[in-house]
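Scroll down for the structure; my scribbles are underneath it.
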Amino acid sequence: MAALIRGVFSIGTKSPWISQISLTTTRSKSYFRTLDQNTLWKTNTSVSTQGQKRGRAKGLPRRKNLNVYQQIGYGKLGMDWPGLTSDITQRSSDTNLRSKNTIKEMSEGAYDEYKEKLKEKRLQMTSGRKRKRVSPLQRGWTGGSNQGKKVGPPLTQDGTPLDNFESIILESKYIQHMTKLHGRFRNSSTLVVTGNKDGLAGFALYKIPALNKSVNAVQRAVDKAGKKLTYIPRYEDRTVYHDFFTRFGATKIFVKQKPPGHGIKSQRIIKAICEVVGIKDLYAKIEGSINPQHIVKAFFIGLIRQRTHQDLANEKRLHLVEFREENENFPRLVATPEGSSVRTKAEILPNEILDFEMVRLNIVCLH
Numbered sequence: 001m002a003a004l005i006r007g008v009f010s011i012g013t014k015s016p017w018i019s020q021i022s023l024t025t026t027r028s029k030s031y032f033r034t035l036d037q038n039t040l041w042k043t044n045t046s047v048s049t050q051g052q053k054r055g056r057a058k059g060l061p062r063r064k065n066l067n068v069y070q071q072i073g074y075g076k077l078g079m080d081w082p083g084l085t086s087d088i089t090q091r092s093s094d095t096n097l098r099s100k101n102t103i104k105e106m107s108e109g110a111y112d113e114y115k116e117k118l119k120e121k122r123l124q125m126t127s128g129r130k131r132k133r134v135s136p137l138q139r140g141w142t143g144g145s146n147q148g149k150k151v152g153p154p155l156t157q158d159g160t161p162l163d164n165f166e167s168i169i170l171e172s173k174y175i176q177h178m179t180k181l182h183g184r185f186r187n188s189s190t191l192v193v194t195g196n197k198d199g200l201a202g203f204a205l206y207k208i209p210a211l212n213k214s215v216n217a218v219q220r221a222v223d224k225a226g227k228k229l230t231y232i233p234r235y236e237d238r239t240v241y242h243d244f245f246t247r248f249g250a251t252k253i254f255v256k257q258k259p260p261g262h263g264i265k266s267q268r269i270i271k272a273i274c275e276v277v278g279i280k281d282l283y284a285k286i287e288g289s290i291n292p293q294h295i296v297k298a299f300f301i302g303l304i305r306q307r308t309h310q311d312l313a314n315e316k317r318l319h320l321v322e323f324r325e326e327n328e329n330f331p332r333l334v335a336t337p338e339g340s341s342v343r344t345k346a347e348i349l350p351n352e353i354l355d356f357e358m359v360r361l362n363i364v365c366l367h
């Protein structure tokens with residue numbers, strides 16, 4: 001027996017059948033299955049340190065969880081698995097006893113409904129990082145800032161909004177300064193102008209610590225501007241009464257009166273102020289500093305210091321007559337003195353100035 005075994009499987013000799021078998025190497029796993037998902041995502045979402053400094057990481061794709069919103073048990077075969085796609089215990093339709101659950105096909109349309117919900121949720125996940133498109137009327141001056149946006153009317157003490165009022169953000173920024181107690185301290189500053197588009201307007205500057213997220217700084221600034229309203233006279237409810245020069249600090253503004261249909265040709269801050277005031281025809285040129293706060297203060301000072309036609313007529317006790325080139329210098333009576341008689345030619349002094357070009361009025365006082 002031992003000799004027989006030694007004859008079939010002899011030690012130290014090769015089997016005659018081994019040479020006839022060809023062996024091939026096969027891989028049961030691909031390269032993408034040998035690595036975890038973190039390593040695979042890193043190949044598409046990573047950038048070198050030098051590339052990060054140059055801003056190359058801004059356009060890289062974001063990491064997505066491909067397993068999110070999926071539910072185990074749903075498949076193309078459409079089988080209903082108790083405990084996964086349906087309840088484990090269900091009551092029979094003919095008895096009150098609990099029936100034994102069995103694997104069966106899903107109801108018609110159940111798998112299609114699951115795929116539609118999965119597609120909708122994945123679409124929300126991919127589109128959540130995109131910036132929502134805002135209509136041109138709701139956008140501000142630039143896409144990434146809220147400057148120039150309309151933020152609604154100011155509120156009264158009882159929370160009632162003022163009728164026909166509109167507010168515009170003119171400046172929104174963060175300010176930092178060093179303190180010996182808290183170190184670097186950061187505040188948010190918001191400059192807002194509000195008005196009813198009928199000559200009543202006001203502006204306000206509101207500052208608040210940047211860490212205070214519970215307070216709506218924009219609405220506080222709007223309400224503060226609503227408490228500082230002032231009336232601004234307008235000529236024919238569309239433009240200023242006369243050309244004027246105004247300044248605040250290093251900011252200088254030259255304002256010119258324009259005929260109907262000209263529109264507002266000026267810097268965007270002045271254009272926003274004219275919109276809430278109700279001025280439709282104007283030309284303004286800024287020289288010097290373009291600090292937004294100085295521009296607002298200088299322009300409001302010039303608007304408030306306007307001298308109306310009636311004020312000039314009452315001061316001179318003369319009729320005010322307007323001559324315009326577009327009307328071929330045809331005289332038009334603008335204002336008449338109130339509460340006093342008109343002076344005669346004998347009462348007018350020889351050296352009295354009747355031409356108001358020095359104050360850029362384009363109006364001549366005549367008897």
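End of the sequence shown = 367 in UniProt numbering, gap-free, step of one. Note that beta-carbon positions come from the ideal geometry of N, C-alpha and C, so glycine has one too.
Asked                                                                                                                                                                        : Found
Counting Cβ pairs, one atom from each stretch, are 3 or more of them under 8 Å apart for the region 188-203 and the region 258-276?                                          : yes
How should S48 be labelled, buried or exposed, when 16 other C-beta atoms within 10 angstroms of its C-beta is the threshold for buried?                                     : exposed
Which residues in the same chain as N164 place their Cβ atom closer than 6 Å to its Cβ, once the five residues preceding and following it in sequence are excluded?          : N196
Roughly how many whole angstroms lie between the Cα atoms of G249 and I295?                                                                                                  : 9 Å
L191 by DSSP, collapsed to three states: which one?                                                                                                                          : strand
Determine whether the beta carbon atoms of D87 and K104 lie at a separation below 8 Å.                                                                                       : no
Taking contact to mean at least 3 C-beta pairs separated by less than 8 Å, is the region 310-322 in contact with the region 335-355?                                         : yes
What does the alpha-carbon distance come out to for the pair residue 451 and R238?                                                                                           : An answer regarding residue 451 cannot be provided, because it is not within the stretch 1 to 367 covered by the chain.
Give, in chain order, every unbroken run of the beta strand (DSSP E) that is at least 3 residues long and sits entirely within the region 165-191.                           : 166-179
Taking all protein chains shown into account, do 16 or more other C-beta atoms lie within 10 angstroms of the C-beta of R324, making it buried, or fewer, making it exposed? : exposed
Around the Cβ of V342, are there at least 16 other Cβ atoms within 10 angstroms (buried) or fewer (exposed)?                                                                 : exposed
Can you give the Cα-Cα distance for A210 and L40, rounded to whole angstroms?                                                                                                : 39 Å
Determine the closest residue to H309 out of T160, H242, T142 and L205, with distance taken between C-alpha atoms.                                                           : H242
Taking the continuous beta strand (DSSP E) assigned at residue 444, which residues delimit it?                                                                               : The displayed coordinates of the chain run from 1 to 367. Any statement about residue 444 would go beyond what the structure contains.
So, under 8 Å CB-CB, G302 and I269 are touching, yes? Tell me the CB distance rounded to an integer number of Å.                                                             : G302 to I269, Cβ: 14 Å. No contact.
Rounded to a whole number of angstroms, what is the C-alpha to C-alpha distance between L354 and Q306?                                                                       : 18 Å
So the alpha helix (DSSP H) Q52 belongs to, where does it begin and stop?                                                                                                    : T49 to K53
With a 10 Å radius around its C-beta and 16 neighbouring C-beta atoms as the bar for buried, classify Q52 as buried or exposed.                                              : exposed
Using the three-state DSSP reduction, which class does H319 fall into: helix, strand or coil?                                                                                : strand
Whole-angstrom Cβ separation of Q267 and V240, contact assumed at under 8 Å?                                                                                                 : Contact doesn't hold; Cβ gap of about 16 Å is too wide.
Whose C-alpha, out of D112, M178 and N187, is nearest the C-alpha of L205?                                                                                                   : N187
For G78, does the three-state DSSP call read helix, strand or coil?                                                                                                          : coil
Where do the ends of the beta strand (DSSP E) carrying V255 lie?                                                                                                             : T251 to Q257
Out of K121, G73 and G144, point me to the one whose CA is closest to K132's CA.                                                                                             : G144
Report the residue ranges of all alpha helix (DSSP H) runs contained in full by the region 266-339; include only those spanning at least 4 residues, in chain order.         : 268-277, 292-304 and 309-316
Tell me the DSSP secondary structure of K104 in three-state form.                                                                                                            : strand
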